[in-house]
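Protein chains in written order, with the numbering used here: chain A, 1 to 266; chain B, 267 to 432. Built from N, CA and C at the ideal position, the CB exists for glycine as well.
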């Protein structure tokens with residue numbers, strides 16, 4: 001039991017040290033004109049957009065088919081700087097590729113002047129906290145990293161909001177995003193537009209530009225972020241929402257997502 | 267008279283080709299594919315189509331392609347027509363062409379063989395070459411056109427394009 005806790009805590013430490021990096025999924029193709037095509041997917045936790053720094057475990061990488069059903073991705077390789085998956089897309093339509101961390105609870109506290117963490121929610125923490133623990137706080141966390149790939153005609157099933165946690169939607173289908181055309185995203189929390197979602201928009205090629213060209217944003221009451229991509233290429237949105245919560249299980253909520261997408265030539 | 271009969275017979279055997287050629291009011295589009303000196307030359311994929319004022323495709327005039335894998339590289343054609351109208355793509359597509367000057371004919375009707383309403387339209391030509399570049403050119407015109415002239419200078423993968431819209 002002790003050993004298990006140690007393992008859990010060390011994985012926790014790794015994920016917290018990685019949190020300074022941004023985790024992304026980048027498919028080799030966002031648009032395909034032939035069914036049964038293979039794509040390769042790069043995944044990394046990195047500082048620069050699409051310049052890989054650390055390979056990550058892809059065991060939970062899931063492909064959502066155009067009909068909405070989920071299929072695990074099994075052809076995986078974890079490298080030092082990036083991980084890779086091979087994915088075959090059988091039929092027409094829009095697919096969602098997602099690497100998600102379901103809801104987890106972290107309790108942090110201070111004892112003898114040291115900050116420590118537990119994998120426990122507000123109810124479970126009582127039994128686990130050492131006596132004398134102070135500054136106790138439980139955070140509910142969830143993250144999603146995803147991208148859409150479309151084979152032939154686009155479909156909408158995998159774009160629909162699930163109504164749980166932080167999600168992103170748009171009035172433009174991912175396969176229709178074009179440079180120099182206005183683009184709008186709506187961030188929702190539990191299915192409703194959410195104010196106070198903070199994020200950064202970036203695009204590939206930062207290594208070769210003096211000005212990275214990153215745009216920071218925060219949503220208003222309508223949850224909307226609008227921009228017009230100047231040039232075609234691969235873009236990344238990373239966004240998160242933190243707030244105090246009155247739940248029985250946590251004191252604080254932190255939801256985050258990253259979304260990579262393609263801006264096509266006009 | 268004999269000629270006319272031959273033309274009529276030809277129409278029955280190659281209706282799609284002929285219906286445009288026989289019509290005296292067909293628009294003629296001249297399209298050049300330039301000679302491109304390169305170590306790895308592949309014939310370009312080419313699409314020629316018409317969009318209405320809302321940028322919706324109304325007529326696919328020509329499509330020169332080979333394998334489905336690369337259809338997506340005609341980016342705008344793919345978004346506007348290719349990805350969702352397989353039947354139309356199958357009906358119109360023909361083999362890729364070598365550099366030269368080609369004549370295309372358009373009877374002024376839409377994909378459903380209905381005459382187009384008066385209004386503004388755009389002729390679009392897109393070309394993409396494997397291991398080469400991609401070019402998209404367009405010019406607006408109004409219908410009824412009464413002989414409006416389209417003239418697009420050579421650019422990248424496309425040579426000079428001219429048309430008289432009738």
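Residue i versus the options, residue with shortest Cα-Cα distance
i                      : options                    : result
residue 349 of chain B : B:323, B:371, B:408, B:374 : B:323
residue 179 of chain A : A:263, A:71, A:42, A:56    : A:263
residue 203 of chain A : A:137, A:44, A:50, A:192   : A:50
residue 329 of chain B : B:352, B:412, B:414, B:419 : B:352
residue 25 of chain A  : A:36, A:242, A:53          : A:53
residue 416 of chain B : B:334, B:388, B:363, B:410 : B:388
residue 75 of chain A  : A:60, A:81, A:65           : A:60
residue 207 of chain A : A:32, A:48, A:30           : A:48
residue 335 of chain B : A:239, A:151, A:196, A:241 : A:151
residue 99 of chain A  : A:155, A:205, A:148, A:177 : A:148
residue 132 of chain A : A:242, A:169, A:114        : A:114
residue 155 of chain A : A:184, A:261, A:92, A:197  : A:92
residue 301 of chain B : B:295, B:294, B:291, B:367 : B:367
For residue i: DSSP bridge partner residues
i                      : result
residue 404 of chain B : B:390
residue 312 of chain B : B:330, B:393
residue 75 of chain A  : A:86
residue 366 of chain B : B:299
Where residue i sits in the DSSP three-state scheme
i                      : result
residue 80 of chain A  : coil
residue 54 of chain A  : strand
residue 96 of chain A  : strand
residue 267 of chain A : Since the first residue of chain A shown is 1 and the last is 266, residue 267 of chain A is not available in this structure.
residue 333 of chain B : coil
residue 167 of chain A : strand
residue 348 of chain B : helix
residue 42 of chain A  : strand
residue 151 of chain A : strand
residue 144 of chain A : strand
residue 270 of chain B : With a pLDDT of only 40 at residue 270 of chain B, under 50, the local geometry of the prediction cannot be trusted, and no value is derived from it.
residue 425 of chain B : coil
residue 382 of chain B : coil
residue 258 of chain A : strand
residue 354 of chain B : helix
residue 61 of chain A  : coil
residue 161 of chain A : coil
residue 338 of chain B : helix
Under 8 Å from the C-beta of residue i: neighbouring residues of chain D
i                      : result
residue 153 of chain A : Absent from the structure is chain D; the protein chains it does hold are A and B.
Near-chain B residues of the segment 18 to 49 of chain A - C-beta to any C-beta below 9 Å = Those residues of the segment 18 to 49 of chain A that come within reach of chain B (Cβ to Cβ, closer than 9 Å) are 29, 31, 32, 33, 34, 35, 37.
Please give the ranges of any alpha helix (DSSP H) in the segment 101 to 142 of chain A, keeping only runs that are unbroken, at least 4 residues long and fully inside the region.
Complete alpha helix (DSSP H) runs here, min 4: 122 to 128.
Could you name the residues of the segment 160 to 180 of chain A whose beta carbon sits closer than 9 Å to any beta carbon of chain B, in the order they occur along the chain? Within the segment 160 to 180 of chain A, contact with chain B at the beta-carbon level (separation under 9 Å) is assigned to 175, 176, 178.
- Residues in the segment 392 to 403 of chain B having any Cβ partner in chain A nearer than 9 Å: Answer set for the segment 392 to 403 of chain B: 400, 402.
Starting from the N-terminal side, write out each stretch of the beta strand (DSSP E) that is 3 residues or longer and does not extend beyond the segment 173 to 250 of chain A. The DSSP assignment places 183 to 189, 198 to 203, 215 to 218, 224 to 227, 233 to 244 as complete runs of the beta strand (DSSP E) inside the segment 173 to 250 of chain A, in order along the chain (cut-off: 3 residues).
| Contact set between the segment 78 to 94 of chain A and chain B, restricted to residues whose Cβ is under 8 Å from the partner | So nothing in the stretch comes that close.
* Asked: Just by C-beta distance, which residues in the segment 306 to 334 of chain B are closer than 7 Å to chain A?
  -> From the segment 306 to 334 of chain B, only 334 have a Cβ closer than 7 Å to chain A.
### Query
Relative to chain A, which residues along the segment 413 to 431 of chain B have a C-beta separation below 7 Å, given in chain order?
Close to chain A, meaning a Cβ-Cβ distance shorter than 7 Å, is no residue of the segment 413 to 431 of chain B at all.
Under 9 Å, CB to CB, which of the residues in the segment 56 to 71 of chain A have a partner in chain B?
Under the 9 Å Cβ criterion, the segment 56 to 71 of chain A contributes no residue.
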